[in-house]
Structures are given as structure tokens and as C-alpha cells.
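A.B. asks: Okay, here's the structure, questions in a sec.
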Amino acid sequence: MKRALVGVALSVGLAMPAMSGATGPAVQNQQCIDLAAAHQVVAGSRNVRLYPDQALAQMKADKSFKFTEAELKGIVNSVYFGGASEITQPMAVYKAVYDSCMRGGPDPRWKPVQ
Numbered sequence: 529m530k531r532a533l534v535g536v537a538l539s540v541g542l543a544m545p546a547m548s549g550a551t552g553p554a555v556q557n558q559q560c561i562d563l564a565a566a567h568q569v570v571a572g573s574r575n576v577r578l579y580p581d582q583a584l585a586q587m588k589a590d591k592s593f594k595f596t597e598a599e600l601k602g603i604v605n606s607v608y609f610g611g612a613s614e615i616t617q618p619m620a621v622y623k624a625v626y627d628s629c630m631r632g633g634p635d636p637r638w639k640p641v642q
């Protein structure tokens with residue numbers, strides 16, 4: 529499964545790789561599940577105080593995730609330093625990523641008031 533390295537801002541303010549080449553709702557759903565699960569695992573690593581490079585090594589060693597190294601680095605950086613760094617519970621990170629992915633990007637209503 530190939531993904532373009534296009535950053536998509538989630539409603540929670542984190543960046544993630546966008547899904548490309550997806551055809552149909554079942555494929556999109558599975559890609560969003562995979563992306564959300566990767567974020568959730570990294571959030572768990574963060575919460576047990578693994579360093580970012582340790583979390584990346586853990587994700588690279590887990591062959592169930594089919595992300596490029598650049599995508600994994602983006603996920604780790606989002607969870608440790610991006611918008612997801614403010615979400616403490618790994619399941620909440622999963623939900624935020626999954627919901628945004630299924631919407632196809634950020635909720636346009638989630639923006640600063642003028």
C-alpha cells in the first residue's frame with residue numbers, strides 16, 4: 529500500500545501522511561485503521577517515556593505496519609511534538625487520527641475564531 533507524503537492537518541492539529549490510491553470505503557477504512565493504530569502505539573511508547581528514537585525503532589521493527597521510514601518519522605514527530613502531543617491517552621489519539629482520516633482531512637469548522 530503506497531501513500532503520498534502529503535501532510536494533512538487533523539482537527540487536533542497533528543500532521544499525518546495522506547492516503548493515496550485508495551479505492552472504495554473498505555480500503556479507506558483499513559488505511560485509516562492502520563494509520564490510527566500506528567499513532568496509538570507511538571502514543572503508548574511516549575507515555576511509558578521511551579525516547580522518540582526508541583519509539584521509531586520499535587515501529588520499524590514491527591512488520592505489521594507498512595509505512596515508509598519517512599512516514600514513521602512523521603508519525604513519531606506528530607505524537608511527540610505535534611498536535612497529538614497534547615492528547616494523553618493513546619486511545620484518544622487513535623480516535624482523533626481515525627476520525628480525521630475518514631473525513632479526508634481536518635474539520636473545516638475547527639479553526640481559530642476571527
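Under the working numbering, the first residue of the sequence shown is numbered 529, with each subsequent residue one higher. Beta carbons are placed, not taken as given, at the ideal position from N, Cα and C, and that holds for glycine.
For residue 576, which three-state DSSP category applies?
C.D. replies: coil
A.B. asks: In whole angstroms, what separates the C-alpha of residue 538 from that of residue 595?
C.D. replies: Interpretation of residue 538 is limited by its pLDDT of 45, a score under 50 that renders its predicted location unreliable; the figure taken from the coordinates is listed afterwards. Using only the alpha carbons, I get a separation of about 19 Å.
A.B. asks: Give me the residue from 616, 605 and 622 with the minimum Cα distance to residue 581.
C.D. replies: 605
A.B. asks: Using a 10 Å radius around the Cβ and a threshold of 16 neighbouring Cβ atoms, would you call residue 628 buried or exposed?
C.D. replies: buried
A.B. asks: Per DSSP, what kind of secondary structure is residue 529 in: helix, strand or coil?
C.D. replies: Residue confidence is low: residue 529 scores 34 on pLDDT, short of 50, so the model does not pin down where it sits. No coordinate-derived value is stated.
A.B. asks: Can you grab the Cα-Cα spacing for the pair residue 565 / residue 642, in whole Å?
C.D. replies: 35 Å
A.B. asks: What separation, rounded to the nearest whole angstrom, lies between the Cα atoms of residue 622 and residue 592?
C.D. replies: 17 Å
A.B. asks: Would residue 587 be called buried (16 or more neighbouring beta carbons within 10 Å of its own) or exposed?
C.D. replies: buried
A.B. asks: Could you tell me the alpha carbon to alpha carbon distance between residue 636 and residue 579, rounded to whole angstroms?
C.D. replies: Counting only the Cα atoms, residue 579 lies some 33 Å from residue 636.
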